[in-house]
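Visitor:
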Amino acid sequence: MVDEVVALLAGAEDVLDCTLGGGGHSEALLASGSSVVALDRDEAAIAEARKRLAPYEASGRFLAIRGNFGEVDRVPELDGRDFDAILADLGVSSHQIDADDRGFSFRLGALLDMRMDRRSTTTAAELLNTLDEAELSHIFRDYGDE
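Okay, so the sequence shown: first residue is 3 according to the working numbering, each after it adds one.
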């Protein structure tokens, strides 16, 4: 889908990538000539993407910010900035699912964590052990994919 995104956003000088993740979309946009400001609430994802995109960051064309796309209007680093395009590739990344210390998958035998932002203090295991059936049903019904 990266090629389609780059084609769709061709000519956009300044792009806000609301979901940096591994940095693949940002890297492709940077390679096509855009400047990118990217958000992610996962500190590990930001660290890896910054390594990957270090030359662009050094040139001033890339900036990574720890933040949540749902609160983009409250990210102080974005105040007064204008963007030609905004990208949001929503969902959990395969890296998060495959990383056993993140606890997003049952198949790895890790603790059930599932926090996108490690600053959050409540894990999925704690929710399952403290919420009643009605509260859990609400979460699964309103926020689940199926």
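Virtual Cβ for every residue (Gly too), placed ideally from N, Cα, C.
1) Taking 6 Å as the limit between beta carbons, can you name the residues of its chain near Leu65, skipping five residues before and five after?
2) Sorted by chain position, which residues of the same chain lie with C-beta nearer than 8 Å to Leu31's C-beta, five sequence neighbours on each side aside?
3) Quick one, are the C-beta atoms of Met118 and Arg43 less than 8 Å apart?
4) Can you name, in chain order, every residue of its own chain whose Cβ lies under 7 Å from the Cβ of Asp86, other than the five neighbours on each side?
5) Using CA coordinates, which residue listed in Ile141, Tyr58, Ser122 and Val77 is at the minimum distance from Arg68?
6) Count the other CB atoms within 10 Å of the CB of His27; is the residue buried (16 or more) or exposed (fewer)?
7) Helix or strand or just coil, what does DSSP make of Asp19?
8) Distance, Cα to Cα, Ala33 vs Asp5?
9) I need the boundaries of the beta strand (DSSP E) containing Leu41, first residue and last residue.
10) Quick check: what's the CA-CA separation for Leu114 versus Arg54?
11) Buried or exposed for Gly82, going by 16 or more other Cβ atoms inside 10 Å?
12) For the beta strand (DSSP E) containing Leu65, name the first residue and the last one.
Guide: In short:
1) For the purposes of this step, residue 65 is taken as the residue at position 63 of the sequence shown. Counting only Cβ-Cβ distances below 6 Å, and skipping sequence neighbours, we find Val39.
2) Taking the sequence shown and counting its residues from 1, the one referred to as residue 31 is at position 29. So the qualifying residues of the chain are Val7, Val8, Leu11, Ala14, Val17, Asp19, Val38 and Leu89.
3) On the sequence shown, position 116 is the one that residue 118 refers to. On the sequence shown, position 41 is the one that residue 43 refers to. Their beta carbons are under 8 Å apart, which means Met118 touches Arg43 by this criterion.
4) In the sequence shown, the residue the question calls residue 86 occupies position 84. Ala14, Glu15, Asp16 and Val17.
5) Position 66 of the sequence shown, counted from the start, is the residue given in the question as residue 68. If we check each option's Cα against that of Arg68, Val77 comes out closest.
6) Numbered from its first residue, the sequence shown carries residue 27 at position 25. Counting Cβ neighbours within 10 Å, His27 comes out buried, since at least 16 surround it.
7) Counted from its first residue, the sequence shown places residue 19 at position 17. Asp19: strand per DSSP, three-state reduction.
8) Looking up residue 33 in the sequence shown gives position 31. Looking up residue 5 in the sequence shown gives position 3. When rounded, the distance between both Cα atoms is 12 Å.
9) Residue 41 sits at position 39 when you count from the first residue of the sequence shown. Here the beta strand (DSSP E) through Leu41 covers Ser37 to Asp42.
10) Within the sequence shown, the letter at position 112 stands for residue 114. Within the sequence shown, the letter at position 52 stands for residue 54. The alpha-carbon atoms of Leu114 and Arg54 are separated by roughly 29 Å.
11) By 1-based counting over the sequence shown, the position of residue 82 is 80. So Gly82 counts as exposed.
12) Within the sequence shown, residue 65 is the residue found at index 63, counting from 1. Annotation for Leu65: the continuous beta strand (DSSP E) segment containing it runs Phe64 to Arg68.
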